[in-house]
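Participant: So the protein lines, in turn, are chains A and B. According to this note's numbering, the first sequence is numbered sequentially starting from 838. According to this note's numbering, the second sequence is numbered sequentially starting from 1437.
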Amino acid sequence: MTGEVLVLAESSGAAFRKAALEAVTEGRRLADLLNVSEYALAIGDGLKDRAAELGKYGADRVFLADDPSLALFQPDYYRQIALETIKRVNPSIVLAAATSTGKDLAPRLAIHLSTAAASECTRLELENGKLIATRPAYAGKVLLIVRINSSPSIATLRPNVFTAKEVVPRKKPTVEQIEFVRPDSRMVVKEFVTQGAKKLDLTEASVIVSGGRGMGGPQNYKILEELAEVMGGVVGASRASVDAGWRPHSDQVGQTGRTVSPTLYIAAGISGAIQHRVGMINSKVIVAINKDPEAPIFGFADYGIVGDVFEVIPALTREMKAFYGKT
Amino acid sequence: MKALALGADRAVHLKSDKIPEDPGSIARALANELKGLEFDVLLFGKKGVDDDNQQVGQMVAELLRIPCVTQIVKLDVSDGKGVAQREVEGGSITVEATLPAAFTAEKDLTVPRYASLRELVAARKKPIVVKDVQLPMSAIEIVSIQNPPPRPPGKIVGKGVDAVPTLVRLLHEEAKVI
């Protein structure tokens, strides 16, 4: 008999991550194809009033582990709760977002359950009830189509690739509280330090404005921050500018940095080296601004402007302000 | 050889009978080899740059039942504890793990230096033990390998600030992303 679909719905603060809602939406789709129910597991702190929200995206039932010690990802705690829930529900598919938490946790679950996890999937299908996942490898140069032959099949979903969609009519899920008994652990999660005032992470942002060597120095990123703010986006960076010490590594887009897939990626003063390309090629639309008409980035950008970033970016900020009706 | 030149005292090469497709089987082979060894810190890179799975480090730790902190950018080891900073969405988390423990490195953990000629020569005398291992059956298999869909050719909207209004119009009307 086919088991249910279980989605690990990750939260941050007392709210679900966008990537978690994307996973719940995709889980609903798979559950419908298999004609089974979708369960969600929410682990965090202060989620009691929010857990039912997952019904909007298709969850029939929500398991909730809510405890102050679960506010931040603690591998031993999260693994225990997930394993207990999986053993109880016996799902055929387990999904999570490919965030730092999901990518840490999924392999731990796979090894305990003697099954496998497909990382950073960009597409999921079913074939004779088995999960077939598409996932980029070799830094995005190829797509691997993989089949998981054991149950449950585990997959992490690359953020911003799947779309979070509300179901009509929305589900009114039953929310079941899980009693959490803290297991012995040799890990202590000390503190979370936020990076500046950044609201969104690169991997979750729908607009990214990235700067490269052409920005000339750290002080010049201000114009990118202004543009990003007008558009509700965040600022990224190329490896050259991170290696130069202009921006922190957490801002780096590319093979040794983050892999991003925003709706709109604006590359300012970035040449488009292969190692940068692989980190952002899955963006829906790429805009390049570079004074060098021969820059490789124009070879794969959807729209390009040949020009000086210090003139074009401020002009773009003004135009976007006008567009969004801001002054 | 490079690892030996950069400071490792001995190396073991687990030579598998087939190309591993399942990170779980790699982890089992490694854990099997490490089981009898005494160590305080087990360091991994966060992921291989071929399969991009990002799974083996934490799997080995689970099999050995030791703590594992992934994606770390900083590590201090003292008094039987490893204090690591891991990079996460929107910031970083500090985690203290009792040793022995495993850690998987993010790019900025250290800057790999170049080995000196003397170290390279010395490395040739250090032992590399080759062991044949049979990998267990894969729970995951590669069905096919495809090229990513090509991006349709883009267009140069124009030169300099004069092109900006056209760009905004195209993003709105044609690409429909704003």
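Backbone N, C-alpha and C define an ideal beta-carbon position, used for all residues, glycine too.
Answer yes or no: do A/I1015 and A/L920 have a C-beta to C-beta separation smaller than 9 Å?
Facilitator: No.
Participant: Using CA atoms only, rank isn't needed, just tell me which of B/T1546, B/V1513 and B/G1526 is closest to B/T1534.
Facilitator: Looking at the Cα atoms, B/V1513 is the closest of the given residues.
Participant: Check the Cβ-Cβ distances between A/D913 and every residue of chain B, and say whether any is below 9 Å.
Facilitator: Closer than 9 Å: yes.
Participant: Here's the rule I'm using: 16 or more other beta-carbon atoms within 10 Å means buried, otherwise exposed. How should B/S1552 be labelled?
Facilitator: Burial call: exposed.
Participant: Pick helix, strand or coil for A/A857, following the three-state DSSP scheme.
Facilitator: Helix.
Participant: Answer with yes or no whether the minimum CB distance from B/N1489 to chain A is below 9 Å.
Facilitator: Judged by the 9 Å Cβ criterion, B/N1489 is in contact with chain A.
Participant: Can you pull the chain B residues whose beta carbon is under 7 Å from the beta carbon of A/T952, in chain order?
Facilitator: In chain order: A1575.
Participant: Could you tell me which residues DSSP puts in a beta bridge with A/Y1140?
Facilitator: A/V1124 and B/K1591.
Participant: For B/P1585, is the classification buried or exposed, using 16 other Cβ atoms within 10 angstroms of its Cβ as the cut-off for buried?
Facilitator: Its Cβ having fewer than 16 others within 10 Å, B/P1585 is exposed.
Participant: Per DSSP, B/V1566 is paired with what?
Facilitator: DSSP output for B/V1566 lists B/H1449 as bridge partner(s).
Participant: To the nearest angstrom, how far is it from the Cα of A/S1098 to the Cα of A/S1043?
Facilitator: Between A/S1098 and A/S1043, the C-alpha separation is close to 8 Å.
Participant: So is A/D897 in contact with chain B if we call contact Cβ pairs under 9 Å?
Facilitator: Not one chain B Cβ lies under 9 Å of A/D897.
Participant: At which residue ranges does the stretch 975-1060 of chain A contain complete alpha helix (DSSP H) runs of 4 or more residues, listed in the order of the chain?
Facilitator: For the stretch 975-1060 of chain A, not a single whole alpha helix (DSSP H) run of length 4 or above is found.
Participant: Here's the rule I'm using: 16 or more other beta-carbon atoms within 10 Å means buried, otherwise exposed. How should A/E1028 be labelled?
Facilitator: It is exposed - the Cβ of A/E1028 has fewer than 16 other Cβ atoms within 10 Å.
Participant: Taking B/D1598 as the reference, which of A/T839, A/L845, A/P1151 and A/E841 has the closest Cα?
Facilitator: Per the Cα distances, A/P1151.
Participant: Taking Cβ to Cβ, would you say A/R984 is nearer than 9 Å to A/E964?
Facilitator: Yes, the pair counts as a contact, with Cβ atoms nearer than the cut-off.
Participant: Using CA coordinates, which residue listed in A/D1139, A/M1052, A/R1007 and A/I918 is at the minimum distance from A/A889?
Facilitator: If we check each option's Cα against that of A/A889, A/R1007 comes out closest.
Participant: From the beta carbon of B/A1537, is the nearest beta carbon of chain A less than 9 Å away?
Facilitator: For B/A1537, the answer is yes, since a Cβ of chain A falls inside 9 Å of its Cβ.
Participant: Might you give, ordered along the chain, the residues of its own chain that have their beta carbon closer than 6 Å to the beta carbon of A/M838, omitting 5 neighbours on each side?
Facilitator: Reliability of the predicted coordinates at A/M838 is poor, the pLDDT of 48 falling under 50, and the value obtained from them is presented with this limitation in mind. For A/M838, where only same-chain residues beyond five positions count, there are no Cβ hits under 6 Å.
Participant: Please identify, using Cβ separations under 8 Å, the residues of the stretch 938-949 of chain A that lie next to chain B, in order along the chain.
Facilitator: Hits within the stretch, in order: T938, K940, D941, A943, P944, R945, A947, I948 and H949.
Participant: Once DSSP output is grouped into helix, strand and coil, what is the label at B/R1522?
Facilitator: Note: B/R1522 maps to strand in three-state DSSP.
Participant: I'd like to confirm something about A/M1117: is its beta-carbon nearer than 8 Å to some heavy atom of the ligand GTP, or not?
Facilitator: In terms of ligand content, the structure shown is empty, and the ligand GTP therefore cannot be addressed.
Participant: Would B/T1546 count as contacting chain A if we go by Cβ distances under 9 Å?
Facilitator: So no, B/T1546 is outside the interface.
Participant: Any beta carbon from chain B within less than 9 Å of A/T1164's own beta carbon?
Facilitator: Since pLDDT at A/T1164 reaches only 48, below the 50 mark, its modelled position is unreliable, and the value read off the structure follows with that caveat. Cβ-Cβ to chain B under 9 Å: no for A/T1164.
Participant: For the putative contact between A/M1024 and B/V1448, defined by C-beta atoms under 8 Å, what is the C-beta separation to the nearest angstrom?
Facilitator: With 8 Å as the limit, A/M1024 and B/V1448 do not qualify as a contact, their Cβ atoms being about 27 Å apart.
Participant: Hey, quick one: how far does the beta strand (DSSP E) through B/G1527 stretch, first residue to last?
Facilitator: It spans G1527 to T1534 - the beta strand (DSSP E) in which B/G1527 sits, taken as one unbroken run.
Participant: Over what stretch of residues does the alpha helix (DSSP H) that includes A/G939 continue unbroken?
Facilitator: Start and end: S937 to H949.
Participant: A/Y1161: buried (16+ other C-beta within 10 angstroms of its C-beta) or exposed?
Facilitator: Burial call: exposed.
Participant: Let me know if B/E1457 comes out buried or exposed under the rule of 16 or more other beta-carbons within 10 Å of its beta-carbon.
Facilitator: With 16 or more Cβ atoms within 10 Å of its Cβ, B/E1457 is classed as buried.
Participant: Who are the neighbours of B/V1604 on chain A, taking C-beta pairs under 9 Å?
Facilitator: Chain A residues near B/V1604: L1153, E1156, M1157, A1159 and F1160.
Participant: Return the residue from the list B/V1569, B/R1605 and B/Y1550 that minimises the CA-CA distance to A/A1159.
Facilitator: Cα-wise, what sits closest to A/A1159 is B/R1605.
Participant: Can you tell me whether DSSP reads A/A807 as helix, strand or coil?
Facilitator: One cannot answer for residue 807 of chain A here, as it falls past the ends of chain A, which runs 838 to 1164.
Participant: Reducing DSSP to helix, strand and coil, say where B/Q1494 ends up.
Facilitator: Reduced to three states, the DSSP call for B/Q1494 is helix.
Participant: Put A/D903 into one of helix, strand or coil per three-state DSSP.
Facilitator: Of the three classes helix, strand and coil, the one that applies to A/D903 here is strand, per DSSP.
Participant: Out of curiosity, what's the CA-to-CA distance linking A/I982 and A/P989?
Facilitator: If I take the Cα positions, the gap works out to 18 Å.
Participant: At the 9 Å Cβ level, is B/G1594 part of the contact set with chain A, yes or no?
Facilitator: Yes, contact with chain A.
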